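Engineer: Start counting the sequence shown at 8; every next residue gets the next number (the working numbering).
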Amino acid sequence: MSKIAKYLKKIDDSLEILMRNSDLVKEANENLAIINKLEDQIKKNKNIKIETIELINQIIIEIEKINSDSMNKRK
8 MSKIAKYLKK IDDSLEILMR NSDLVKEANE NLAIINKLED QIKKNKNIKI ETIELINQII
68 IEIEKINSDS MNKRK
(Lines of atoms letter the chains of each structure in order from A; the text may use other names.)
(Lines give C-alpha, C1' and ligand atoms only; values in the text may rest on other atoms or scores of the structure.)
Protein backbone atom coordinates (compact mmCIF):
# COMPACT_ATOMS: atom_id res chain seq x y z
CA MET A 8 0.00 0.00 0.00
CA SER A 9 2.78 2.42 0.82
CA LYS A 10 4.24 1.92 -2.66
CA ILE A 11 0.90 2.77 -4.27
CA ALA A 12 0.66 5.95 -2.19
CA LYS A 13 4.23 6.82 -3.17
CA TYR A 14 3.45 6.33 -6.89
CA LEU A 15 0.23 8.32 -6.60
CA LYS A 16 2.20 11.15 -4.98
CA LYS A 17 4.75 11.06 -7.81
CA ILE A 18 1.95 11.11 -10.39
CA ASP A 19 0.30 14.01 -8.59
CA ASP A 20 3.59 15.93 -8.48
CA SER A 21 4.21 15.20 -12.16
CA LEU A 22 0.74 16.44 -13.09
CA GLU A 23 1.30 19.61 -11.09
CA ILE A 24 4.60 20.25 -12.90
CA LEU A 25 2.90 19.55 -16.22
CA MET A 26 0.18 22.09 -15.43
CA ARG A 27 2.78 24.74 -14.60
CA ASN A 28 4.72 23.95 -17.75
CA SER A 29 1.59 24.17 -19.88
CA ASP A 30 1.14 27.76 -18.66
CA LEU A 31 4.75 28.47 -19.59
CA VAL A 32 4.20 27.01 -23.05
CA LYS A 33 1.09 29.17 -23.53
CA GLU A 34 3.02 32.26 -22.46
CA ALA A 35 5.88 31.33 -24.78
CA ASN A 36 3.44 30.99 -27.69
CA GLU A 37 1.96 34.40 -26.90
CA ASN A 38 5.44 35.92 -26.71
CA LEU A 39 6.35 34.31 -30.02
CA ALA A 40 3.26 35.82 -31.63
CA ILE A 41 4.25 39.25 -30.31
CA ILE A 42 7.80 38.79 -31.62
CA ASN A 43 6.46 37.85 -35.06
CA LYS A 44 4.26 40.97 -35.12
CA LEU A 45 7.23 43.13 -34.15
CA GLU A 46 9.36 41.57 -36.88
CA ASP A 47 6.64 42.36 -39.42
CA GLN A 48 6.51 45.96 -38.23
CA ILE A 49 10.29 46.24 -38.48
CA LYS A 50 10.17 44.94 -42.07
CA LYS A 51 7.46 47.48 -42.93
CA ASN A 52 9.49 50.28 -41.33
CA LYS A 53 12.57 49.25 -43.32
CA ASN A 54 10.55 49.40 -46.53
CA ILE A 55 9.21 52.83 -45.59
CA LYS A 56 12.77 53.98 -44.85
CA ILE A 57 14.00 52.72 -48.22
CA GLU A 58 11.13 54.45 -50.04
CA THR A 59 11.80 57.67 -48.13
CA ILE A 60 15.49 57.60 -49.03
CA GLU A 61 14.61 57.01 -52.68
CA LEU A 62 12.21 59.97 -52.64
CA ILE A 63 14.81 62.20 -51.00
CA ASN A 64 17.37 61.19 -53.62
CA GLN A 65 14.89 62.02 -56.40
CA ILE A 66 14.19 65.41 -54.83
CA ILE A 67 17.92 66.14 -54.59
CA ILE A 68 18.36 65.23 -58.27
CA GLU A 69 15.47 67.52 -59.25
CA ILE A 70 16.86 70.39 -57.17
CA GLU A 71 20.28 69.93 -58.75
CA LYS A 72 18.67 70.03 -62.21
CA ILE A 73 16.79 73.21 -61.33
CA ASN A 74 19.98 74.80 -60.00
CA SER A 75 21.87 73.76 -63.10
CA ASP A 76 19.16 75.14 -65.39
CA SER A 77 19.09 78.35 -63.40
CA MET A 78 22.87 78.74 -63.67
CA ASN A 79 22.74 78.11 -67.42
CA LYS A 80 20.01 80.73 -67.89
CA ARG A 81 22.09 83.33 -66.06
CA LYS A 82 24.95 82.88 -68.51
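For every residue, glycine included, the Cβ atom is placed at its ideal position computed from N, Cα and C.
Quantities reported herein were computed from a predicted structural model and do not represent experimental measurements.
Mapping the DSSP letters down to three states, classify Met-8 as helix, strand or coil.
Structural biologist: Counting from one through the sequence shown, the residue named residue 8 turns up at place 1. Three-state result, Met-8: coil.
Engineer: Excluding five sequence neighbours on each side, which residues of the same chain lie with their C-beta closer than 7 Å to the C-beta of Ile-73?
Structural biologist: Translated into positions along the sequence shown, residue 73 becomes position 66. Contacts found: none.
Engineer: What's the gap between the Cα of Leu-22 and the Cα of Glu-46?
Structural biologist: For this step, residue 22 is matched to residue 15 along the sequence shown. For this step, residue 46 is matched to residue 39 along the sequence shown. Distance between the alpha carbons of Leu-22 and Glu-46: 36 Å.
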